[in-house]
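If you count by the numbering used here, then the sequence shown holds residues 8 to 193, one letter each, in order.
Using N, Cα and C, we set each Cβ at its ideal position, and we do this for glycine too.
Computed from a prediction, not measured in an experiment: that's the story for all the values here.
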Amino acid sequence: MKDLIKKAEAFFRNNLPKTRPPSVYTPHVELVRKYALILGKEYNADLLVLEVAALLHDIGADAGDVHAFKSAEIAGKFLSEQGIDEDTKEKIISAIRNHSMIQKGEEFKEGVNIADQVLRDADGIAFLEDTFKGYLEIKLRKYGKDKAKQISLVKIKGMLKKVKTEKGKELANKFYPIAKEYISNF
């Protein structure tokens, strides 16, 4: 199984989305991995599923708002080539498919399993800890200061709302005020 993790890591590093700068994307994926494993241990979730899903969760980021679905599709093709059992493959794909905000940060599929929720939480926590800075920079180049700040504040609020586990909320609530202050005072 360590072999699968190494292959997934190589696949993610060799297939960086064009729309996500490596200086933002790579640290984000590593933070998602970190928090997925922390929360996975806390909630007795399948750590292999979580680690591979964390590495591949944004592999289809170039698809924009539907990137979770594209990431799941790309991951599914990659996993099919690895010869893993169908159950593990489906759990990884499910976590990737359900990790992201739907309809621009307003809705999520409810009632997901613990691995799906843990990956979703890890993504939100990682964004609130650090990724928001890169997101703000990207929006600044596209929209200018005031609009970029407004969009970024909405985004961090959405990221906070997506976190549902108790341990996840504890971590997210630690980072949210720091992110909010950073953006507000930018």
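If residue i sits next to residue j, beta carbons under 8 Å apart, how far is it from one beta carbon to the other, in whole angstroms?
i: G131; j: M166; result: 4 Å
i: V36; j: F19; result: 6 Å
i: A75; j: L126; result: Not confirmed; about 10 Å, so no contact.
Residue i: buried (16+ other C-beta within 10 angstroms of its C-beta) or exposed?
i: E188; result: exposed
i: G67; result: buried
i: V161; result: exposed
i: S87; result: exposed
i: D153; result: exposed
i: E113; result: Annotation note: pLDDT 46 at E113 (below 50); position unreliable, coordinate value reported separately. The residue in question, E113, is exposed, as its Cβ has fewer than 16 Cβ neighbours within 10 Å.
i: G47; result: buried
i: N105; result: buried
i: A61; result: buried
i: A17; result: exposed
i: K169; result: buried
i: G175; result: buried
To which residues of the same chain is residue i closer than 8 Å at the C-beta, ignoring the five residues directly before and after it?
i: I163; result: F134, L135, F139, Y183, A186, K187, I190
i: K111; result: Caution is warranted here: a pLDDT of 46 is assigned to K111, below 50, making its placement in the model unreliable, and the coordinate value is therefore given only provisionally. Closer than 8 Å at Cβ, skipping near neighbours: D72.
i: T26; result: A68, D69, G71
i: S159; result: F139, Y142, L143, K146, I190
i: Y150; result: I158
Please determine, among the options, the residue with the shortest C-alpha to C-alpha distance to residue i.
i: E1; options: R148, I145, R40, D128; result: This structure does not reach residue 1, given that the chain is present from 8 up to 193, and the question cannot be answered.
i: T95; options: A70, L57, K13; result: L57
i: L63; options: S30, I103, A179, I121; result: I103
i: V59; options: Y32, I100, K168; result: I100
i: I91; options: L11, L147, K146; result: L11
i: P29; options: I145, E97, H106; result: I145
i: D53; options: K168, M8, L23; result: M8
i: S78; options: L23, A179, K41, G151; result: L23
i: L55; options: K174, T33, E97; result: E97
i: D137; options: G151, I45, A179, S107; result: A179
Looking only at its own chain, which residues have a Cβ that is under 7 Å from the Cβ of residue i, when we skip the five neighbours before and after it?
i: F193; result: L143, K156
i: Q124; result: K171, T172
i: A82; result: L63, I66, I99, I100, I103
i: Y50; result: I121, V125, T172
i: Q89; result: L11, K14
i: P34; result: D137
Can you find a CB in chain D that lies within less than 7 Å of the CB of residue i?
i: E97; result: The chain labelled as chain D is not found in the depicted structure, where only one protein chain is given.
Among the residues of its own chain, which have a CB less than 6 Å from the CB of residue i, if the five just before and after it don't count?
i: V31; result: G141
i: V119; result: N105
i: N21; result: none
**OP:** Output the residue ranges of the alpha helix (DSSP H) runs that lie fully inside the region 112 to 155 and measure 4 residues or longer, sorted by chain position.
**Re:** Counting whole runs of 4 or more residues, the region 112 to 155 contains the alpha helix (DSSP H) stretches 121 to 133, 139 to 150.
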